[in-house]
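**Q** Numbering (the working numbering), first residue to last: 28 to 325.
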Ligand code: SF4
Ligand code: SF4
Ligand code: SF4
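1. Please look up how many angstroms separate the CB atoms of residue 179 and residue 129, rounded, as I've assumed it's under 8 Å.
2. Rounding to the nearest angstrom, what Cα-Cα distance links residue 321 and residue 315 in this structure?
3. Can you tell me whether residue 115 is buried or exposed? The criterion is at least 16 other CB atoms within 10 Å of its CB, across all chains shown.
4. Counting C-beta neighbours from all protein chains within 10 Å, is the total for residue 88 16 or more, i.e. buried, or is it exposed?
5. Is any non-hydrogen atom of ligand 3 found closer than 6 Å to the C-beta of residue 218, if you look at the structure I gave you?
6. Within the present structure, is the beta-carbon of residue 179 separated from the nearest heavy atom of ligand 2 by less than 6 Å?
7. For the beta strand (DSSP E) containing residue 267, list its first residue and its last residue.
8. If residue 164 sits next to residue 235, beta carbons under 8 Å apart, how far is it from one beta carbon to the other, in whole angstroms?
9. Residues in its own chain within less than 8 Å of residue 283 by CB, not counting five upstream and five downstream?
10. Do residue 188 and residue 138 have their CB atoms nearer than 7 Å?
11. Considering only DSSP beta bridges, list what residue 169 is partnered with.
12. Once the 5 residues before and after residue 31 are set aside, which same chain residues still bring their CB inside 7 Å of it?
13. Is the beta carbon of residue 309 within less than 6 Å of some heavy atom of ligand 3?
14. Confirm the yes/no value for this check: CB of residue 193, any heavy atom of ligand 2, distance under 6 Å.
15. How would you call residue 191, buried or exposed, if buried means at least 16 neighbouring beta carbons within 10 angstroms?
16. So for residue 57, helix, strand or coil by DSSP?
17. Following a CB-centred definition, is residue 208 positioned closer than 6 Å to any heavy atom of ligand 3?
18. Am I right that residue 198 and residue 246 are in contact with their C-beta atoms under 8 Å? What's the rounded C-beta distance?
19. Going by the DSSP bridge assignment, what does residue 217 pair with across the sheet?
20. Enumerated in chain order, which unbroken segments of the alpha helix (DSSP H) with a length of 4 residues or greater are wholly contained in the region 91-151?
21. Under 7 Å between the Cβ atoms of residue 77 and residue 55?
22. Taking only the alpha-carbon atoms, compute the straight-line gap between residue 91 and residue 219 and give it to the nearest angstrom.
23. Buried or exposed: where does residue 278 fall if 16 or more other Cβ atoms within 10 Å of its Cβ makes it buried?
24. Please report the Cβ distance between residue 107 and residue 81, rounded to the nearest whole angstrom; I am assuming they are in contact, meaning their Cβ atoms lie under 8 Å.
25. For residue 125 and residue 113, I'd like the C-alpha separation in whole angstroms.
26. Helix, strand or coil for residue 70, going by three-state DSSP, please let me know.
27. Inspect the beta-carbon positions of residue 133 and residue 98 and report whether they are closer than 7 Å.
28. Please classify residue 256 as buried or exposed, where buried requires at least 16 other C-beta atoms within 10 Å of its C-beta.
29. From what residue to what residue does the beta strand (DSSP E) around residue 43 run?
Okay, structure coming up:
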């Protein structure tokens, strides 16, 4: 349907997170940011009130953990934003910028290896809020997953973080048990006893840490906790699987620094309209990785 709102105005409010509902001449859906996918009870109530007061009375969840207030009339856009602000809620999440981060529930999940909610909130603050004014060649998506189960598909984002627990093998302590508990508890069946000794092939282990505490003889006892970072993933019209950086990072600060470098590299070297996956392919993964790592503490 033809819109009664001028084209430039539709564009401007899109930048504020209001997406036009094609079925009406002057109605929008307001995208509300949830930071890391968590809302307080007061914020939930405020969203319910807001959608009755300023919208059609319906909320819709997006696949990237934002909430859309449906059916907001053009004249209600500013009153709605002012109402939400009282509860610390903002609209947005569109444009050629860092997009709202997607987090899995790794903080509380039985398999979670990192505090995904806390890390996602930091990423939100530093890159979503902190870089609101930074226009990029295209959108830039970040996802944080607590373990290699990949529930939020970090490797299909421009930058994806995955919690890691890397085992160390002490072959001299291995007794080559008939039934190896490490082998038995490896969900992807890559740990195996060969020639009387446990073998965990480094290239095949996904660092899920599920074998921790399984060996009664101390052959697999030490684990390094950390983060794997994937670069250049994307989903949509064209799909690309991100590639993991060669290091497992052991501090949150390193991870944040690498993300910052990745965003700045995309800003400085990306060609307008291309996704980060294309920039990485054009510049070469090894080259990009080297640049993101230079200066980051090993
Ligand atoms: S990715 Fe892992 S930690 Fe996150 S929700 Fe899935 S199983 Fe849990
Ligand atoms: S890793 Fe532990 S449980 Fe497995 S065979 Fe060696 S000693 Fe036995
Ligand atoms: S860390 Fe996970 S994938 Fe690696 S050997 Fe242990 S259980 Fe298997």
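Even glycine gets a Cβ: it sits at the ideal position worked out from N, Cα and C.
**A** In brief:
1. That belief holds up - the Cβ atoms of residue 179 and residue 129 are roughly 5 Å apart, short of 8 Å.
2. Each residue's alpha carbon lies about 10 Å from the other.
3. Counting Cβ neighbours within 10 Å, residue 115 comes out exposed, since fewer than 16 surround it.
4. By the neighbour-count criterion, in which a residue is buried when 16 or more other Cβ atoms sit within 10 angstroms of its Cβ, residue 88 is exposed.
5. Checking the Cβ of residue 218 against ligand 3 gives yes.
6. Not under cutoff, so the answer is no.
7. It is not in any beta strand (DSSP E) - residue 267 carries neither H nor E in the DSSP assignment.
8. Actually they are not in contact, since the Cβ atoms of residue 164 and residue 235 sit about 35 Å apart, beyond 8 Å.
9. Once the five neighbours on either side are set aside, the close Cβ partners of residue 283 are 149, 150, 153.
10. No, the pair does not count as a contact, with Cβ atoms beyond the cut-off.
11. Looking at the DSSP assignment, residue 169 forms a beta bridge with 186.
12. The residues are 52, 53.
13. In terms of side-chain proximity, the C-beta atom of residue 309 is found no nearer than 6 Å to any non-hydrogen atom of ligand 3.
14. At a cut-off of 6 Å, the beta-carbon of residue 193 does not count as near ligand 2: no heavy atom of the ligand is closer than that.
15. Around the Cβ of residue 191, a 10 Å sphere holds 16 or more other Cβ atoms; the residue is buried.
16. Of the three classes helix, strand and coil, the one that applies to residue 57 here is strand, per DSSP.
17. Not under cutoff, so the answer is no.
18. Yes, they are in contact, since the Cβ atoms of residue 198 and residue 246 sit about 7 Å apart, within 8 Å.
19. According to DSSP, residue pairing for residue 217 in a beta bridge does not occur.
20. DSSP runs (the alpha helix (DSSP H)) wholly in the region 91-151: 104-112, 143-150.
21. Taking 7 Å as the Cβ cut-off, residue 77 and residue 55 do not qualify as a contacting pair.
22. Going by the C-alpha atoms only, they are around 38 Å apart.
23. Residue 278 should be labelled exposed.
24. Correct: roughly 4 Å between the Cβ atoms.
25. Going by the C-alpha atoms only, they are around 24 Å apart.
26. Secondary structure at residue 70: helix, using DSSP grouped into helix, strand and coil.
27. Contact check for residue 133 against residue 98 fails: the beta carbons are separated by 7 Å or more.
28. It is buried - the Cβ of residue 256 has at least 16 other Cβ atoms within 10 Å.
29. Per DSSP, residue 43 is not a residue of any beta strand (DSSP E), being assigned neither H nor E.
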